[in-house]
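Working notes, beginning with the structure itself.
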Amino acid sequence: MDIPKEINDLINTQIMHEGRNANAYLQVSAWFEEKNLSGFGEYFRKQAEDEISHKNKFIKYLNDRISGKVKMLSVPEITVNLDKFSDAGDLYIKLESQTTQDIYDIAQKALEFKDYMTFQFIQWFIDEQISEELEAMNFKSKLDLINEDGTGIILLNEEMEEE
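Going by full-length UniProt numbering, the first residue of the sequence shown is number 1, and it counts up by one from there.
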């Protein structure tokens with residue numbers, strides 16, 4: 001069965017969004033590395049790798065579908081302005097919440113077009129976003145608890161290095 005053009009377009013847009021998120025997480029990683037907080041840096045590098053993995057899943061899915069067409073849209077430059085540690089948590093939550101909404105939009109369109117193959121495929125991402133949003137909220141909660149305290153930042157960084 002052919003994939004509807006509207007769904008194909010949404011998936012290509014999601015491929016671009018996953019790339020944007022990866023770039024944002026790499027910028028956050030670099031910000032932490034500049035502060036010699038390699039635990040935080042590694043954590044956000046892993047988040048970027050997850051986004052790239054998700055991007056590749058979407059690409060494979062389109063390639064596996066009859067009439068699926070991958071179109072690599074330009075990833076818009078994303079400016080990450082971090083003044084304090086909690087800004088990283090705010091950005092993390094914002095990006096994961098937006099991703100959840102984007103995934104829901106694909107699922108809704110799949111149901112609208114009765115494209116049950118895409119609906120089944122997107123279920124994995126819906127499940128994934130539950131843990132992604134929870135992880136972002138937990139990260140932000142920890143940053144809020146230590147409230148820019150240097151000792152707390154160092155201890156949390158060391159904890160992240162051990163994971």
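Here a beta-carbon is modelled for each residue, glycine too, at the ideal position from N, C-alpha and C.
- In the DSSP annotation of this structure, the continuous segment of the alpha helix (DSSP H) that includes T99 starts and ends at F85 to E112.
- Here the C-alpha atom of P4 lies approximately 15 Å from the C-alpha atom of I122.
- CA-CA distance, H17 to T151, rounds to 35 Å.
- About 39 Å separates the CB atoms of L73 and N147; that is not less than 8 Å, and the two are not in contact.
- Shown here for L26: same chain residues with a beta carbon closer than 8 Å to its own, the five before and five after excluded, namely F44, R45 and A48 in chain order.
- Inside the stretch 16-69, DSSP marks whole alpha helix (DSSP H) runs of 4 or more residues at positions 38-64, from first to last along the chain.
- Of the candidates I66, M160, E163 and K94, K94 places its Cα closest to the Cα of M137.
- Less than 8 Å separates the beta-carbon of E6 from that of F113.
- The C-alpha of K109 lies about 32 Å from the C-alpha of A88.
- For a cut-off of 8 Å, the C-beta gap from E42 to E161 is around 7 Å, short enough to register as a contact.
- Just measuring C-alpha positions, the residue of L10, F139, I66 and N23 sitting nearest E77 is N23.
- By the C-beta density criterion, Q101 is exposed, having fewer than 16 other C-beta atoms within 10 angstroms.
- For S131, the uninterrupted alpha helix (DSSP H) segment begins and ends at Y116 to I146.
- In the three-state reduction of the DSSP assignment, N8 falls in the helix class.
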